[in-house]
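Colleague: Counting from 7, one number per residue, gives the positions in the sequence shown under the working numbering.
Cβ atoms here follow ideal geometry from the backbone N, Cα and C, with glycine treated the same way.
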Amino acid sequence: MKVLVIGSGGREHSICWKIGQSSLVDQVFCAPGNGGIAQDAVCVDITATDIASLISYVKKNNISLSVVGPEAPLVDGIVDAFESEGLKVFGPTKAAAALEGSKAFAKNIMKESLIPTAAFGIFNDHKKASQFIKDSQNPVVVKADGLAAGKGVIVASTKEEALCAIDDIMLKKAFGDAGAKVVLEKRLAGEEASFIAITDGSHIIPMASSQDHKRAFDNDEGPNTGGMGAYSPAPVVDSQIHGRVMDEVLYPLIAGLKKKGIIYKGFIYAGIMIDEKKPSVLEFNVRLGDPETQPLLMRLKGDMVPVLMEVANGGSIKTMTLEWHDDPSICVVIASGGYPGNYEKGKPISGLDEAGKIDGVKVFHAGTKKQDGKIVTSGGRVLGVTACGIDIENAIKKAYEATSKISFDGSFYRKDIGKKALER
Ligand code: AMP
Ligand code: GLY
Numbered sequence: 007m008k009v010l011v012i013g014s015g016g017r018e019h020s021i022c023w024k025i026g027q028s029s030l031v032d033q034v035f036c037a038p039g040n041g042g043i044a045q046d047a048v049c050v051d052i053t054a055t056d057i058a059s060l061i062s063y064v065k066k067n068n069i070s071l072s073v074v075g076p077e078a079p080l081v082d083g084i085v086d087a088f089e090s091e092g093l094k095v096f097g098p099t100k101a102a103a104a105l106e107g108s109k110a111f112a113k114n115i116m117k118e119s120l121i122p123t124a125a126f127g128i129f130n131d132h133k134k135a136s137q138f139i140k141d142s143q144n145p146v147v148v149k150a151d152g153l154a155a156g157k158g159v160i161v162a163s164t165k166e167e168a169l170c171a172i173d174d175i176m177l178k179k180a181f182g183d184a185g186a187k188v189v190l191e192k193r194l195a196g197e198e199a200s201f202i203a204i205t206d207g208s209h210i211i212p213m214a215s216s217q218d219h220k221r222a223f224d225n226d227e228g229p230n231t232g233g234m235g236a237y238s239p240a241p242v243v244d245s246q247i248h249g250r251v252m253d254e255v256l257y258p259l260i261a262g263l264k265k266k267g268i269i270y271k272g273f274i275y276a277g278i279m280i281d282e283k284k285p286s287v288l289e290f291n292v293r294l295g296d297p298e299t300q301p302l303l304m305r306l307k308g309d310m311v312p313v314l315m316e317v318a319n320g321g322s323i324k325t326m327t328l329e330w331h332d333d334p335s336i337c338v339v340i341a342s343g344g345y346p347g348n349y350e351k352g353k354p355i356s357g358l359d360e361a362g363k364i365d366g367v368k369v370f371h372a373g374t375k376k377q378d379g380k381i382v383t384s385g386g387r388v389l390g391v392t393a394c395g396i397d398i399e400n401a402i403k404k405a406y407e408a409t410s411k412i413s414f415d416g417s418f419y420r421k422d423i424g425k426k427a428l429e430r
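1) By the 10 Å Cβ neighbour count, where 16 or more other Cβ atoms means buried, how is Gln217 classified, buried or exposed?
2) The beta strand (DSSP E) with Arg130 in it runs from where to where?
3) Do Pro145 and Pro229 have their C-beta atoms within less than 9 Å of each other?
4) Following a CB-centred definition, is Arg193 positioned closer than 8 Å to any heavy atom of ligand 1?
5) Is there at least one non-hydrogen atom of ligand 1 closer than 8 Å to the beta-carbon of Ala124?
6) With hydrogens ignored, establish whether the beta-carbon of Asp226 is closer than 8 Å to any heavy atom of ligand 2.
7) Taking the DSSP output, what are the residues bridged to Arg293?
8) Looking at the secondary structure, which residues open and close the beta strand (DSSP E) in which Arg387 lies?
9) Kindly identify the DSSP beta-bridge partner or partners of Asn144.
10) What would DSSP say about Arg420, mapped onto helix, strand or coil?
11) Are there 16 or more other CB atoms within 10 angstroms of the CB of Leu358, so buried, or fewer, so exposed?
12) Ala236: beta carbon under 8 Å from a heavy atom of ligand 2?
13) At what residues does the alpha helix (DSSP H) containing Ala54 begin and finish?
14) Does ligand 1 have a heavy atom nearer than 8 Å to the CB of Val382?
15) Mark Ile396 as exposed unless 16 or more other C-beta atoms lie within 10 angstroms of its C-beta, in which case mark it buried.
16) Could you tell me whether the segment 232–243 touches the segment 416–426, using the rule of 3 or more Cβ pairs below 8 Å?
17) Quick one: Cα of Met326 to Cα of Leu302, how far?
18) Is it the case that the CB of Lys149 approaches a heavy atom of ligand 2 more closely than 8 Å?
19) Rounded to whole angstroms, what is the Cα-Cα separation between Ala104 and Asn319?
20) Short check: CB of Val338 to CB of Tyr270, under 9 Å?
21) Looking only at C-alpha atoms, which of Ile115, Leu177, Glu166 sits nearest to Lys133?
22) Opposite Gly272 in the DSSP bridges: which residues?
23) Roughly how far, in whole angstroms, is the beta-carbon of Ile412 from the beta-carbon of Ile355, given that I think they are within contact range, below 8 Å?
24) In whole angstroms, what separates the C-alpha of Ser119 from that of Pro212?
25) Taking only heavy atoms of ligand 2 into account, decide whether any of them is closer than 8 Å to the Cβ of Ser108.
26) In or out: Lys179 buried (at least 16 other Cβ within 10 Å) or exposed?
27) How far does the beta strand (DSSP E) with Gly228 in it extend, from its first residue to its last?
28) Below 8 Å, is the gap between the Cβ of Tyr1 and the nearest heavy atom of ligand 2?
29) Taking 8 Å as the cut-off, does the CB of Gly158 come closer than this to any heavy atom belonging to ligand 1?
30) Could you check the C-alpha separation between Ala54 and Asp82 for me, to the nearest Å?
31) With distances taken Cα to Cα, identify the nearest neighbour of Ala393 among Ala236, Pro285, His219, Thr123.
32) When DSSP builds the beta bridges, which residues end up paired with Trp23?
33) Which stretch, first to last residue, makes up the alpha helix (DSSP H) that contains Ile247?
34) May I have the straight-line CA-CA distance separating Ala124 from Glu298, to the nearest angstrom?
35) Contact check, Arg387 vs Gly232 under 8 Å by CB: the rounded distance?
36) How about Val48 and Ile25: do their beta carbons lie closer than 9 Å?
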């Protein structure tokens, strides 16, 4: 069968690479894809949010299954649109995707379903928000309600910083309508992990645990980014935490949504903070993580296409499982100088072939394109150099050996990806 993956990042490259290995799949397409995805799929020049064009492409090319990578088309209702045309698509509906599309919706459902999360208030009035910050004992985390390309969360260290953040979001409209409402919540301490699963709306297949590195620079310094690297498994998610996330977060979540008439189907990502063996939810995403997916899918044994197909068909995954290789995996993101702020594009990249030849290494492309037969940079996060090894130390060594072979003008990467796992 033919499968279409929608999106253009490192996450989508790894999804194309994995799905392409399935014996059920003859051909993988990716819309719009990128310079590296073109090696593993047929790239189709349609953006991820151009739903009407995607539908007509899928119909014309007899594509049996579409898998949606990023959140924006999900929040826009791509799944509802495909399903109303009788097309098979893997992902949550618009109503379910509100879990990521509105932080206020997510916090309210957590409250109703007794899911552990930071104490919070929701405000659409700047004066009231400002008073809440002034009255609070501790600095608060400020979150724009809607999608803000990963920039809508400000973990303030002082009241002044939090007040500045609500001015930017609510008065200066830094994120447009996404900031019409804000969530103000208690700042939590602990270690973060990403817990991702697949659900058919009743049953849940957990994926392996992983951990992202959100800050731009080593030792978790510098501005927040989309993610500068990841590894799997995350040792902080032991069997006890795993059980608690399933029982106290994911099952109550799908049950709580069901009560509202929402059947959640697709990937579900819980960003959790673990403190004294207790998990709290920081956020829900309605998709796979980027860059967590790159090391995750490298560790996935066998084929995930039957599970995706079953969910897209509205079936049950009750008796299905996913198996994982014991070998850990890590992904080091190479970014453009200046990211997550302004950066230049169009820099030729060297060393890709040499890096990809190292045993156990796959270089996933995020912000690249092909220009005059050469791969050049076209985004902030450019590559995700991903490696698996017999242990985390070995995986780190291989990933950095490969990373050191790749260069382009202005490139940078963190040198400490996986260090926390090593220390544990
Ligand atoms: P979110 O998009 O809500 O996950 O926020 C992005 C990042 O901000 C998270 O990965 C955390 O590093 C941080 N963050 C969000 N909420 C909190 C919180 N309540 N306490 C501490 N850090 C937080
Ligand atoms: N790596 C964080 C995310 O995908 O949201």
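Modeller: Well, looking at it:
1) buried
2) Position check: residue 130 holds Asn in this sequence, whereas Arg was assumed. Careful: Asn130 lies outside any beta strand (DSSP E) and carries neither H nor E.
3) no
4) yes
5) yes
6) no
7) Paired residue(s): none; Arg293 is not in a bridge.
8) 387–394
9) Paired residue(s): none; Asn144 is not in a bridge.
10) coil
11) buried
12) yes
13) Premise fails: Ala54 is in no alpha helix (DSSP H) and is neither H nor E.
14) no
15) exposed
16) yes
17) 18 Å
18) no
19) 22 Å
20) no
21) Leu177
22) Thr205
23) 7 Å
24) 20 Å
25) no
26) exposed
27) 227–230
28) Residue 1 is absent from the structure shown; the chain starts at 7 and stops at 430.
29) yes
30) 11 Å
31) Ala236
32) DSSP output for Trp23 lists no bridge partner at all.
33) 245–250
34) 23 Å
35) 6 Å
36) no
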